[in-house]
Structures are given as structure tokens and as C-alpha cells.
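Read in my numbering, the sequence shown has 30 at position 30, and its numbers run on one by one without any break.
Yeah, the Cβ is synthetic: ideal placement off N, Cα and C, and Gly gets one too.
Encoded as C-alpha cells, the structure appears first; notes follow it.
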Amino acid sequence: MCAVPERTKLQIAMTIFQFGYAGNHVILRAALNMGISKLVFPVYRNITALLLLAPVAYFLEKKDRPALTTFLMQFFILGFVGIASNQGFYLLGLDNTSPTFASATENAVPAIREVHLSRKDGIAKLDSITSNLLEEIPAPFSVYSFTCFFGTLQLLAVAALLREILRHGRFTLVVNSSAFFIRAYLWGLQGLVVSGIGFAIQIWVIQRGGPVFVSGYLPVQTMLVALMASVVLGENSTWEGEYHDDPTDQFCHPF
């Protein structure tokens, strides 16, 4: 029985990952149509992911994990950028656009990683990319668990500040039990599949294939989202402008 090549394993993992994330875009759009809170939802989602990943990180990486107290500020920044800001602005954008558009914007990631070695800013960017936190801490699940912890605290602080939890979370638990069970299912699905298993796959592939290999599969996700959104949500992915008889009118009304 021949062994599966490492490259094939990475490709299979990323294909499964893109299918999961494509479904995530569509499910979140449907959840937003139901009226879920854009601040309360990611709080419960990341709490679910943290409950899943923290025990795995503690027992699986107990021997490999160094003292993490010196990295707390980095975890805080990662939580702010990768969890709180990322998920918060993503839900805000998804609520005002469409799943296909939200997925298509992620294809800008490879372009953002362009580096000009002939310039000082390019050298600085290269240093920041190569000084990966995972290279300093050989415990990826612990890194993400701490990042998820700080990101959840930040989301919780913002949600509490705006009284979103009192207005949407607790009120829903008492008044509308059927809607609560639907939300609980979505929290579990998002936390377990997307934030839990999804990020575990992503970390594993990044360690073996690199971030460029991961970002190369983003167009696959966009095509899957367009197909799923068209079938499930009835989204029209044809972006066309209207025809105008007056050529000058096209500049005033391009769509």
C-alpha cells in the first residue's frame, strides 16, 4: 500500500478547508438575514472554539510549549487583528454586501504579500513576515488558544460596552426559545467547524506548505461560494452595468 505524498495531503486538506469556509460564508449570510447580532455572535463562536482547542493545546503540547508569559502582548495584538477586528469587520461587510463579494475580497491576500527587496520598506516587511510567531513557539494550538482567548475578551468588552449582550443575547434566551436553539446550533457549528477544526487544518498546512500555498486556494473558495450562494440564497452573481444610449451618462451612472 503506497503512502500518500505530502503535497497531495496538503492539497486534500486545503480543498476540504475551502469547502468548509465556502459554506461558512453562506451560513453566516443566512444567519444575518435571521437577525443575529454582529457582536454577540462572534463572542459565542470563539468561546466554543476556545473550549475545543484549549484542552487539546494543554495535553497535546504540554512538553513542547515554552513559557508564554513573554508573548502575552503579541497574543493580545494577534487577538485584536486576527479575531476581534477580522471577524467584526467581516460580519459588518457581509451584512452590507454578499457572500460572493466577501469571499472575493480575500483574494487580495497574495497581492498584499508583495515584497520589494530593493526598498527599505520591503526589507522591513520581509523581516516581519519571516519572524513568525510559530517559529518561536513550537506549539500552534497553544498560540491559537491564547489568541482566541484575548480576541474573545476584546469582543466581549466591545459587546458589553454597546449593551449588545443584554439587548440581544439574554433577551433572546428568555423570550424566544426557538430562535435560541437555532443560534446555539450556529454558535456550535461556527466554533467547532470553522474556528476549531478549520484553523487546526490551516495551521497544519501553513507549517508544511507555507502561507503562499494556503492563499493560492482562495479563488477556489470564491467559486464555491458563488455556486452555494446562488443555490441556497438565490444570489445573482452577474455583475453587469445597465446600457445607456448617451455615452456621457455611463460616467454618471456606471451601474
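Delimiting residues of the alpha helix (DSSP H) encompassing Tyr217: Run containing Tyr217: none; DSSP gives neither H nor E here.
Where Ile123 falls: helix, strand or coil (DSSP): Here the model assigns Ile123 a pLDDT of 45, short of 50, so the residue's position is not dependable and the matter cannot be decided.
Whole-angstrom C-beta distance between Ser145 and Pro54, which should lie under 8 Å: The identity of residue 54 in the sequence shown is Ala, whereas the question assumes Pro. With a Cβ gap of about 5 Å, Ala54 and Ser145 count as contacting.
Run of the alpha helix (DSSP H) containing Pro42, from where it starts to where it stops: 40-60
Buried versus exposed call for Val4 [16 or more other C-beta atoms within 10 Å across all chains shown]: exposed
Integer Cβ distance of Leu233 from Arg29, believed to fall under 8 Å: 6 Å
Where Ile201 sits in the DSSP three-state scheme: helix
For Asp95, the first and last residue of its enclosing alpha helix (DSSP H): For Asp95, the uninterrupted alpha helix (DSSP H) run begins and ends at 86-96, by DSSP.
Proximal residues to Phe76 (C-beta, below 6 Å), its chain only, five neighbours per side dropped: Phe150
C-alpha gap between Met34 and Ile27, whole angstroms: 11 Å
Inter-residue spacing [alpha-carbon to alpha-carbon] between Leu60 and Thr15: 26 Å
Under the three-state DSSP convention, the category Asn236 falls into: coil
CA-to-CA distance, Leu52 to Ala229, given in whole angstroms: 29 Å
Heavy atom of the ligand ZN within 7 Å of Ile137 beta-carbon: The ligand ZN is absent from the structure shown, which contains no ligand whatsoever.
8 Å Cβ cutoff met for Leu161 and Gln18: no
Whole-angstrom distance between Gln221 and Leu10, CA atom to CA atom: 16 Å
For Pro42 and Leu72, believed in contact at Cβ under 8 Å, the rounded distance: Their Cβ separation, rounded to whole angstroms, is 22 Å, which puts Leu72 and Pro42 out of contact at 8 Å.
Which of helix, strand or coil DSSP assigns to Ser131: Any reading at Ser131 needs caution, since the residue's pLDDT is 44, under 50, leaving its predicted position unreliable; the model's value is listed next. Coil at Ser131, not helix or strand.
Spatial distance of Asn256 from Ile47 (CA atoms): Summary: the structure shown does not reach residue 256, with the chain confined to residues 1 through 255, and so no result is reported for it.
Beta-carbon gap between Cys148 and Ile206 smaller than 8 Å: no
Integer Cβ distance of Val56 from Phe141, believed to fall under 8 Å: 5 Å
Reduced DSSP secondary structure (H/G/I, E/B, other) of Ile12: helix
Local Cβ density within 10 Å of Pro66, reported as buried at 16 or more and exposed below that: exposed
Cβ separation of Glu235 and Thr105, assumed to be a contact under 8 Å, to the nearest whole Å: In fact, because the Cβ distance is near 16 Å, the residues do not count as touching under 8 Å.
Length of the line joining the Cα atoms of Leu218 and Val212: 10 Å
Boundaries (first-last residue) of the alpha helix (DSSP H) holding Gly151: 140-161
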